[in-house]
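For the sequence shown, this note's numbering begins at 132 and goes up steadily by one. No residue lacks a Cβ here, since even glycine has one placed at the ideal position from N, Cα and C.
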Amino acid sequence: MRKLIQTINPDKKYQNYLTKWESYIKGVTHYSKRVDVAKEKWASRRQTKTLKHVCLKLEEMCSGNRRCCYCEDSVADEVEHIKPKSLFPELTFTWSNYLYACGSCNINKNNKYALFIAGVLTSIISSTVPPNPGHDVFINPRQDDPMSFLDLDLGQTIEDGTFWYLPKHGLSPRGIDYQRADYTINTLGLNRDFLVEGRRNAALDFKARLYEYRQEKPNLSPQKLAQFQQDFQQHTYPSVWAHMKAQHQSIPVLNNFFQQFPEIHSW
Ligand SMILES: [Zn+2]
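As structure tokens, this is what we get:
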């Protein structure tokens, strides 16, 4: 999971529809009625040109071939409400509350949401009254940088990594950032077996490409150089490469590559 590009927005015409629909839902006074109206309007507007346009714009934030913005593995085909519409109905048509996710991540997250209320992690359960004010626990990749909260275990050589996401080294288990990391990993199931395996394969692929780059560098044409760079930047698992870059100094084999070829820092 990585922070998503913030400069992508719907075209004005469609944003105007979203704003209008958002205002309509905010205008429903009673909370439980607001939840019902939001669900009904969402169901009836999913096939509109506006929501189809939203999907195209969300697709621009995805890595690889439209991969899920949470797991980076499976195809993204569902508009995910980061703050669930069943708890925050007024955000049902809010652009900044959307990302493109796969069905598995969407099912895992479902309506789960938690807030720090008076400093205590509190699960928010659907009720007839709006949630009490609090700070979000779930790491929101539209606004937070997951790299600030999560470490990816790459081991000492890549081959010996577990490829599990863990709360970032050094965070105190009682601290808010550690709890946010832990909650997000568990809520999305980021350490599911096939995701771990996918991240391992990606890291080994990045490493093999670095060896290939070293071998070919002396005779590399500008086109081939651009191809190498593009392969890294458009890979399905951008966060694996981001963690390899962030941790290269503690992994000797990677450190050698980064010292020898400083240009790869910007890949
Ligand atoms: Zn996913």
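Own chain residues within Cβ distance below 8 Å of residue i, not counting five before or after
i	result
N322	W295, Y296, I316
F363	F337, R340, W372, I395, W398
L182	R176, V210
DSSP beta-bridge partners of residue i
i	result
A357	Note: A357 sits in no beta bridge, so no partner.
T198	The sequence given here has Arg at residue 198, not Thr. Partner(s): V206.
I248	V251
H212	Y229
D275	Looking at the DSSP assignment, D275 forms no beta bridge with any residue, so it has no partner.
Distance cut-off 8 Å: residue i Cβ against heavy atoms of ligand 1
i	result
D204	yes
C193	no
S370	no
C199	yes
A333	no
C236	yes
C233	yes
A207	yes
Which of helix, strand or coil DSSP assigns to residue i
i	result
F294	coil
I307	helix
I316	helix
L302	coil
H161	coil
L218	coil
Y342	helix
L402	For the chain, the structure presents residues 132 to 398; residue 402 sits outside this window and is missing.
H266	strand
E191	coil
R331	helix
K180	helix
Q146	helix
I256	coil
N242	coil
Ligand 2 heavy atom lying under 8 Å from the CB of residue i
i	result
Y229	Of the ligands this structure carries, namely ligand 1, none is ligand 2.
Sequence-distant residues of its chain with Cβ nearer than 6 Å to residue i (five each side left out)
i	result
T293	D284
S298	In the sequence as displayed, the identity of residue 298 is Pro instead of Ser. The answer, listed in chain order, is Y309, A312, D313.
G195	T367
G329	D204
I213	N228, N271
Neighbourhood of residue i by C-beta, 7 Å cutoff - its chain only, sequence neighbours within 5 removed
i	result
C236	C199, Y201, C202, L319
S254	A245
I139	K188, E191, M192
K243	T318
I248	N263, G265
Within-9 Å CB hit, residue i to chain D
i	result
Y148	Structure shown: chain D not included; a single protein chain is present.
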